[in-house]
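Here the sequence shown is numbered in UniProt numbering, starting from 1 and rising by one per residue.
Glycine included, every Cβ here is placed at the ideal spot set by N, Cα and C.
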Amino acid sequence: MAQIYTPLNSDLCQIRRLTLQPAISLNDTLHGNLDVVSLESSPEYEALSYVWGSTTPAKTINLDGLLISITPNLDNALRNLRLPNLPRILWVDALCINQDDLDERASQVALMRRVYTEATTVLIWLGSESDGSDDAMRSIERFDKGYWKTYDFQTQFMEILFRPWFTRIWTVQEFVMGKHSVVDGRMKNPLFGCGGVWVEWLSFITAWAHFSDDTNIMEEKYKKAYHDAVAKTFEPEWIRLAHSKPMGTEPTSLEGVITGLRSAFGEDFLENLPYSSVKDLDEEIQLNPHVWRARYITMRHSQYDSIEAKAFWRRMELTKRVPITYHGFLMHSRGTLRIRKEPLTLETVLKGTMNLRSTDPRDKIYGILGLLSEEARAAIPIDYHKEPEWTFVPTMTYIIHHEPKGLALLGLLWRTRQFKTPLPSWVPDFTISADYNDEHNPVFLRGGCANYGWDWPEDTNATVSQDRIILSAHMINFGRVTHIISFIDGDRNYYISRFKEIESLLTIHAALSEPLWRTLVGIRNTDQGLIAPYPRTFETLMGRIPEQNGDAQKMFQDAILPIVRGRKFFITDRGFAGVATPMIRDGDMISNIIGMGRPAVLRDIDPEEIGMERRVDGGRLYHRITGFAYVGCHDRDGFESLVKENVGDRDRHCCVDKELEECFII
């Protein structure tokens with residue numbers, strides 16, 4: 001490769017361009033040449049946005065007289081872009097960047113925003129023609145909204161949207177940073193290409209928005225076909241299989257499947273199915289990550305082989321993934337679409353792209369830098385020599401110092417770790433998806449202390465030490481854990497026995513805690529109309545009131561079981577109780593750290609154990625975050641507001657009767 005690439009001068013903002021030579025036949029050998037230009041001279045080129053894809057079977061291009069290996073997807077893209085009579089000047093990352101030179105990769109990634117912003121056209125290659133995709137693309141080109149409502153378009157466009165381009169981290173900024181220009185009254189930049197058809201970006205995005213609208217899912221006559229196809233999954237054998245899988249574990253739960261069906265087809269979708277175990281599920285189940293996991297087991301099941309049913313689950317996946325991809329970038333103004341060009345906060349972009357993928361873990365951060373402000377880009381150095389986790393440290397440091405709400409990302413992206421890595425515990429793993437976070441659970445997403453909003457003083461923002469090791473923050477201390485009750489898998493009677501054991505402990509050690517039913521359900525809403533049935537239902541579940549209509553079983557299955565299974569109930573020495581992630585143990589501290597959004601489980605740590613004794617203040621107590629918790633608090637006379645100088649005059653209460661404490665987290 002050294003024979004092809006000469007060094008680039010980053011001070012001059014140099015890039016390479018690929019001149020793709022013409023050919024009459026699609027099957028002719030690819031030929032191209034590289035030249036070096038400076039972005040300062042406003043060179044002309046078109047930038048290709050695509051995914052590398054599989055490396056096999058290997059393809060080649062004759063580049064400056066040498067055969068260079070390229071991926072099949074790039075080979076297809078170049079063949080479809082090649083002109084019959086004229087050369088075409090392109091920027092293609094796989095060929096225009098020396099991928100073997102880590103320093104060059106870093107310097108070119110730093111220019112990526114300019115590369116796509118200053119390109120005459122951004123060419124978005126979605127892949128080769130397949131399953132009628134050309135028909136769908138031509139209907140988009142014609143702006144044929146009538147065809148968009150048909151079953152054929154639904155299945156064809158679904159196939160397009162399910163392609164890898166929509167799953168990759170880099171493609172977001174490549175699309176957003178394009179000029180989105182109008183030429184002769186046409187939206188010529190960017191262009192979406194699939195097979196042999198290229199369409200204007202506005203037409204494609206409009207069709208995309210139309211497809212994502214539930215009211216346009218499909219013609220009415222096809223809804224029954226989907227209904228019948230998906231209903232096949234509820235054969236008794238499949239129901240037994242679903243029930244045999246603990247809720248919240250891989251691969252699925254019946255709850256998730258029902259949630260997905262109701263989300264797509266409405267609350268009455270299952271009314272005619274004959275299985276009481278299906279019909280009796282609570283109609284108020286909220287959309288949760290289990291529904292996306294459900295697709296895998298249903299797709300594998302031998303009775304689930306309907307094309308329409310498989311298409312349904314693909315659509316379910318898309319309704320989750322595709323709109324999130326460009327959340328915050330597509331804006332509506334007086335009925336027209338435009339692209340947001342203003343820099344977004346780092347926290348916002350990370351949340352909007354956390355489900356996207358990158359081959360190199362570092363690119364989960366580097367791949368979004370072009371969407372950020374100049375200040376944020378400068379704070380995160382690009383270095384492919386360092387291990388991926390050390391890319392996350394400056395990222396989280398910037399968020400903590402510049403985006404006060406960003407500390408909540410740690411809770412969203414938390415993954416249980418054994419601390420074999422030197423990564424500080426206040427730095428999340430940005431490579432994980434929120435959908436598959438092993439602590440992902442409705443109660444832990446809501447977090448916090450039941451029924452309480454928090455008002456914090458303005459001078460209590462968290463800070464990170466200069467060496468980026470220690471997070472200094474303020475917290476509400478709920479005390480240290482003195483009692484733990486584990487919930488392992490079991491039947492209803494097993495859980496009821498554990499609940500009775502907890503009630504006995506609460507009477508002695510946590511008299512100020514909220515009622516057990518509320519802690520178990522995790523309700524924060526104080527609307528009495530919504531929560532009024534729960535106390536009596538819980539009493540029925542515990543056997544203290546006769547059961548009549550099955551509400552207790554539904555409460556147990558739908559509201560309590562997903563929260564407690566695989567987790568631990570705790571009581572602290574300050575009289576607070578709650579549910580925590582599995583790594584909690586006696587002596588851990590439960591605290592609500594300002595800005596984190598939900599209580600954290602902190603464990604004391606000796607800096608000597610991790611080789612940091614010379615880098616810390618020996619008089620301080622240091623902690624590591626080992627998980628998160630829900631703390632149940634009951635509003636009664638024993639709880640006081642924080643002192644006036646802490647929260648001001650607002651009518652907001654806290655369930656801890658002392659001032660904020662400072663904490664130091666490694």
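Only exposed fits Glu40, as fewer than 16 other CB atoms lie within 10 angstroms of its CB.
In the displayed model, Thr60 falls within a strand according to three-state DSSP.
DSSP, read as helix, strand or coil, puts Gly543 in coil. Cβ contact annotation for Ile140 (same chain, cutoff 6 Å, sequence separation greater than five): Val199, Ser203, Phe204, Ala207, in chain order. Glu389 sits in a helix when the DSSP states are folded into three classes.
For Phe175, the uninterrupted alpha helix (DSSP H) segment begins and ends at 170-176.
Taken through DSSP and simplified to helix, strand or coil, Glu159 comes out as helix.
Put simply, the backbone Cα of Asp103 is about 7 Å away from that of Tyr384. Gly597 sits close to Ala408, with the two beta carbons spaced by under 8 Å. At a Cβ-Cβ threshold of 8 Å, Arg362 and Ile169 do not count as neighbours. Put simply, of Lys568, Ile365, Pro422 the residue whose alpha carbon is nearest the alpha carbon of Ile399 is Ile365. With a cut-off of 8 Å on Cβ pairs, the region 102-116 is not in contact with the region 143-163, counting fewer than three such pairs. Judged by their CB atoms, Leu410 and Trp426 are nearer to each other than the 8 Å cut-off.
Taking a 10 Å sphere around the C-beta of Arg544, we find fewer than 16 other C-beta atoms and assign the residue as exposed. Per DSSP, reduced to three states, the secondary structure at Val115 is helical.
The Cβ atoms of Leu95 and Leu8 lie no closer than 8 Å to each other. Ranking Phe570, Leu123, Lys405 by CA distance to the CA of Thr345 puts Lys405 first.
By the CB criterion at 8 Å, Asp64 and Asn98 fall outside the cutoff.
For the region 484-523, the continuous alpha helix (DSSP H) assignments of 4+ residues that do not extend past its boundaries occur at 492-509, 516-521, in sequence order. In this structure, Ala510 lies near Ile571, with their beta-carbon atoms less than 8 Å apart.
With respect to the 8 Å criterion, Met589 and Leu602 are classified as neighbours on the basis of their beta carbons.
Per DSSP, Cys663 is one residue of the beta strand (DSSP E) stretching across 661-665. Put simply, of Asn493, Glu347, Phe556, Asn76 the residue whose alpha carbon is nearest the alpha carbon of Cys194 is Asn76. Between Ala462 and Ile594, the C-beta spacing is below 8 Å.
Counting along the chain, the unbroken beta strand (DSSP E) around Arg624 starts and ends at 622-632.
Beta bridge pairing from DSSP links Met354 with no other residue.
Lys568: member of the beta strand (DSSP E) spanning 568-572, first to last residue.
Look at Met583 here: in three-state DSSP terms it is coil, with no helix or strand label. Counting other Cβ atoms within 10 Å of its Cβ, Ile15 reaches 16 or more and is therefore classed as buried. When Pro388, Thr359, Thr395, Val464 are compared, the shortest CA-CA separation from Leu372 is found for Thr395.
Under a 10 Å Cβ-count criterion, Arg620 is classified as exposed, with fewer than 16 other Cβ atoms of the shown protein chains found around its own Cβ. In the displayed model, Gln3 falls within coil according to three-state DSSP, outside both helix and strand. The beta carbon of Glu503 sits closer than 6 Å to the beta carbons of Leu516 from its chain, once the five residues preceding and following it are set aside; these are given in chain order. When DSSP reads this structure, Phe192 sits in a beta bridge with Ile124, Val199.
As the crow flies, the alpha-carbon of Val109 is around 8 Å from that of Ile382. Of Gln173, Thr71, Leu123, the smallest CA-CA separation from Tyr45 is found for Leu123.
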